[in-house]
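Down below is the structure, laid out as structure tokens.
In this note's numbering, the protein residues as written are 8 to 193.
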């Protein structure tokens, strides 16, 4: 077990702590747990590169930790009425679509390169920003007035990203050589 993978596991262990704080109505405590989890995400990636400790386990576990953190945050915030329920459904549905699509491609033995597209990186950033803004509303009061625009922007990019992966998945399913050409062009 190397340091970056250990940090990723710590991030996964912070997820139930975040959920408990949210369910107890302790938004500021949840905010700081979420911030710590976000910092750990950047830190584990940096250390994996800097210490040359990239592993297949880490490459597999890191995006799972990120998805679990975001899904838990969106679902819990929606159940509490802090975020719209429809937004949580979009976020969760996109992630199910991606994971399910990877499963189908693996089932049909299609070569896949699990690498986030640029639109997906923007989507993740907007989703993180949405959670941070709603958890840290006391710290970001002037920006909180813009929350409706951020929610719409996050929803739009979530849909766009899901559509991108759906199109990409169908293309690879229909033409396995496409995945290899995409991999070479990246």
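For every residue, glycine included, the Cβ atom is placed at its ideal position computed from N, Cα and C. The structure presented is a predicted model; accordingly, all values stated were derived computationally and were not measured.
Neighbour-count burial assignment, residue i, 16 or more Cβ in a 10 Å radius
i	result
residue 11	buried
residue 105	buried
residue 127	buried
residue 28	buried
residue 108	buried
residue 47	buried
residue 88	exposed
residue 110	exposed
residue 33	exposed
residue 172	buried
Secondary structure of residue i, DSSP reduced to three states
i	result
residue 113	helix
residue 123	coil
residue 61	coil
residue 9	coil
residue 14	helix
residue 176	helix
residue 134	helix
residue 152	coil
residue 147	coil
residue 70	helix
residue 88	coil
residue 100	helix
Beta-carbon spacing of residue i, residue j below 7 angstroms
i	j	result
residue 81	residue 98	yes
residue 162	residue 94	yes
residue 179	residue 117	yes
residue 168	residue 130	yes
residue 177	residue 133	no
residue 44	residue 18	yes
residue 51	residue 14	yes
residue 112	residue 119	yes
residue 79	residue 148	no
Is there contact between the segment 51 to 62 and the segment 73 to 88, where contact requires at least three CB pairs shorter than 8 angstroms?
no
Is the segment 140 to 154 touching the segment 26 to 44, taking contact as three or more C-beta pairs under 8 angstroms?
yes
Entirely within the segment 21 to 65 and at least 4 residues each: give me those alpha helix (DSSP H) ranges in chain order.
34 to 57
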